[in-house]
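Structure first, then comments.
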Amino acid sequence: METFVYQDKKKLRCGYTTGSCAALAAKAAVRCLAGGGCVKKETILTPGGETVQAEIMQWETETDEAGTVIWAQCAVQKDGGDDCDVTDGLLIFVRASFGESKDEEVSITGGPGIGRVTKEGLDQPVGAYAINSVPRRMMEKEALSILKAAGLRRSLCLTVWAPDGEAAAKKTFNPVLGIEGGISILGTTGIVRPMSNEALTETIRAHLRVLHFEHRKFAAVSPGNLGSDWLMQYAEEAGLGEQEKTRFRESIVASSNFIGKTVDMAGELGFSGLLLAGHIGKLVKLGNGIMDTHSREGDGRMDTLLSCALECGGERPLLLEIRKSNTTNQAVDVLNHAGMLEPVMKKLLVRMKEYLSRRAMDSLQVEVLLFGSRGELLGKTEGADQLLRKIRKECGRNEGQGTD
């Protein structure tokens with residue numbers, strides 16, 4: 001049964017997670033192992049209470065001399081609906097076989113294309129395959145339901161793999177999070193909802209947790225790649241050494257539009273400071289108290305710059321020019337031409353710091369580096385450089401070494 005959601009007045013089709021794919025394939029493979037044959041379709045009830053049905057592909061089995069199935073394997077193709085990511089279209093395979101025990105135990109492991117966890121703070125322990133807890137429970141539940149229906153009391157061994165998973169994983173956050181060699185088997189509800197914020201915010205939380213388990217107290221935050229690159233360049237100009245670069249890059253959390261939520265999560269995990277870096281077109285909204293910088297959540301860019309210019313003594317002709325600007329880049333040029341760029345940026349940064357500190361409830365220090373369209377530094381809050389030095393100091397420590 002297909003599920004739809006409406007976003008920005010568009011009807012969008014939902015898909016299902018890699019966790020649902022693994023559960024569907026596991027159920028079908030165990031059904032075959034238990035004597036139920038190789039089905040063409042399989043159905044599960046997701047943790048979110050929705051039914052998912054998918055086509056079962058690429059069956060393979062091995063039988064003994066008596067014709068009894070020794071193992072069975074099959075695949076389900078990931079369908080992200082109208083929210084296609086790099087895993088969309090991947091085949092998720094599961095092989096099922098009986099274990100030696102007569103107890104109803106299910107052993108779940110991974111194979112090629114499934115990543116391994118190399119850092120603490122993630123859902124699975126270091127060394128384990130990145131098959132998260134909810135998908136593991138889904139697979140176990142579906143597999144045992146088949147055994148119960150068949151009247152069998154046996155243990156099971158389930159192996160998950162994805163032939164194209166390693167290549168796909170290079171385009172995900174997995175390498176940054178410390179998951180190497182493949183994709184993760186994910187999902188909490190079993191359903192992919194187009195334009196949902198859940199996956200992004202969980203990735204932010206996971207990144208912060210990894211840093212937290214490395215005993216980091218300070219982290220950098222940037223909405224996107226440009227901000228990260230400019231921050232790296234700024235840090236290098238400030239003396240960032242070659243040995244620090246990799247760990248510094250790993251400490252930059254990609255917040256996307258969810259700056260407020262990133263501050264919240266960092267506070268919950270006990271961080272002491274965040275250094276936020278990005279383009280003025282995105283970050284200027286913070287000066288108006290807008291903590292989700294997606295355009296649908298609000299704009300106010302020119303109004304914010306205009307009011308800052310007014311407080312700095314800007315006269316009517318300048319204010320009108322700012323108001324007529326189509327982009328923040330154009331407004332920056334207007335301010336620069338009028339000789340007002342520096343004071344207006346200082347005023348803007350003071351406002352941003354006030355709103356960010358209020359969001360953090362003063363539980364952690366938040367500083368800002370503000371860049372223009374060419375990567376030029378437009379301004380910084382008073383404690384930004386000091387916080388940068390603290391991040392660099394942590395990056396110079398060995399992994400797992402505590403703070404002073």
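End of the sequence shown sits at 404 in this note's numbering; the numbers just go up one at a time, nothing left out. Even glycine gets a Cβ: it sits at the ideal position worked out from N, Cα and C. Nothing here was measured: the structure is a model prediction, and the numbers come from that model.
Option nearest residue i by Cα separation, candidates the options
i	options	result
aspartate 264	Ile191, Lys347 and Arg359	Arg359
threonine 109	Ala26, Phe258, Arg216 and Cys308	Ala26
cysteine 38	Gln233, Thr61 and Thr203	Thr61
histidine 212	Val253, Ala75 and Thr172	Val253
leucine 320	Val30, Leu122, Val52 and Asp303	Asp303
serine 133	Ile146, Val160, Pro163 and Leu186	Leu186
isoleucine 92	Thr159, Val117 and Lys245	Thr159
phenylalanine 371	Ser222, Arg116 and Pro125	Ser222
glycine 379	Ala29, Asn197, Tyr234 and Val30	Tyr234
glycine 463	Leu177, Leu283, Glu104 and Val176	Here the chain has residues from 1 to 404 only, and residue 463 is not among them.
glycine 298	Ile56, Val284, Ala338 and Pro343	Val284
glycine 281	Gly300, Ala309, Thr118 and Asp85	Gly300
Pair within 7 Å by beta-carbon distance, residue i and residue j
i	j	result
leucine 387	leucine 275	yes
isoleucine 183	alanine 169	yes
alanine 72	leucine 33	yes
leucine 286	methionine 352	yes
aspartate 79	glycine 15	yes
threonine 68	threonine 18	no
glycine 314	methionine 291	no
serine 251	isoleucine 391	yes
glutamate 142	alanine 23	yes
proline 47	threonine 189	yes
glutamine 58	alanine 75	yes
leucine 144	phenylalanine 271	no
cysteine 157	serine 107	yes
leucine 335	leucine 341	yes
lysine 347	glutamate 382	no
asparagine 257	threonine 293	yes
glycine 121	valine 210	yes
alanine 130	isoleucine 191	no
isoleucine 146	arginine 31	yes
glycine 396	glutamate 244	yes
Assigned exposure category for residue i - 16 Cβ within 10 Å defines buried
i	result
arginine 153	exposed
glycine 278	buried
isoleucine 70	exposed
leucine 90	buried
glutamate 354	exposed
asparagine 225	exposed
phenylalanine 4	Because phenylalanine 4 carries a pLDDT of 49, less than 50, the predicted location of this residue cannot be relied on, and the following value inherits that uncertainty. Exposed, because fewer than 16 other Cβ atoms sit within 10 Å of the Cβ of phenylalanine 4.
asparagine 288	buried
proline 112	exposed
alanine 149	exposed
glycine 165	buried
methionine 361	exposed
arginine 95	buried
arginine 193	buried
DSSP three-state assignment for residue i, whether helix, strand or coil
i	result
glutamate 382	coil
glycine 121	coil
phenylalanine 271	coil
alanine 360	coil
phenylalanine 173	coil
arginine 13	strand
glutamate 315	coil
methionine 57	strand
lysine 40	coil
leucine 147	helix
alanine 66	coil
leucine 24	helix
alanine 75	strand
threonine 327	coil
Min CB distance residue i to chain C below 7 Å
i	result
alanine 23	Included in the structure is just one protein chain, with no chain C present.
One or two residues paired with residue i in a DSSP bridge
i	result
cysteine 157	Ser97 and Ser107
leucine 370	Gly278 and Gly379
glycine 182	Gly113
serine 222	Ala254
tryptophan 230	In the DSSP output, where bridge partners are listed per residue, tryptophan 230 has none listed.
threonine 51	Leu45
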